[in-house]
Amino acid sequence: MNSIAKTLFLTATAAAITFSSIATASADEWHHHHNNDALVGGAVGLATGLIVGSAIAAPRYDEPRYIDPPYAYDDAPVYAAPPPRYYRPVPVRAALEPWTPQWERYCSYRYRSFDPRSGTFIGNDGMSHFCVAS
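When we follow the numbering used here, the leftmost residue of the sequence shown carries the number 833, and every step to the right adds one.
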């Protein structure tokens, strides 16, 4: 009942505003210009209809809403984790002995400036360093 009274009140107010604006807009020039009266009235009526219609169609959240209760997942399947796997640690690779063919191959691949006669390479600092294969 309350929403019907609000709707009727808004409709009456919109009609009063529309008719008063049309009468004011066309009072001065009623006998001289009749070209734009219908367009102005139509635009004002359209705007009023949009405003009143949106006010009437606004959602109302007065009535209570039903909300589903939270579900309990007691029957959900339980998967057992596989037993942990243990691995033997990888032995640390022993450093290559200097002056062996493997050491020389490693240092020549690692450093472009490696000198196999002295076992040194030129570092980024410009100094000569002995190659240590680890």
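Even glycine gets a Cβ: it sits at the ideal position worked out from N, Cα and C. All of these numbers come straight from a predicted model, not from anything done at the bench.
Item, Value
"For G885 and Y911, what's the separation of their Cα atoms in angstroms?", "57 Å"
"Quick check on the DSSP output: the alpha helix (DSSP H) that includes T880 runs from which residue to which?", "869 to 888"
"Assuming contact is defined by CB atoms lying nearer than 8 Å, are S940 and P948 in contact in what I supplied?", "yes"
"Under the three-state reduction of DSSP, which class applies to T952: helix, strand or coil?", "strand"
"In this structure, how does DSSP classify S960 when only helix, strand and coil are distinguished?", "strand"
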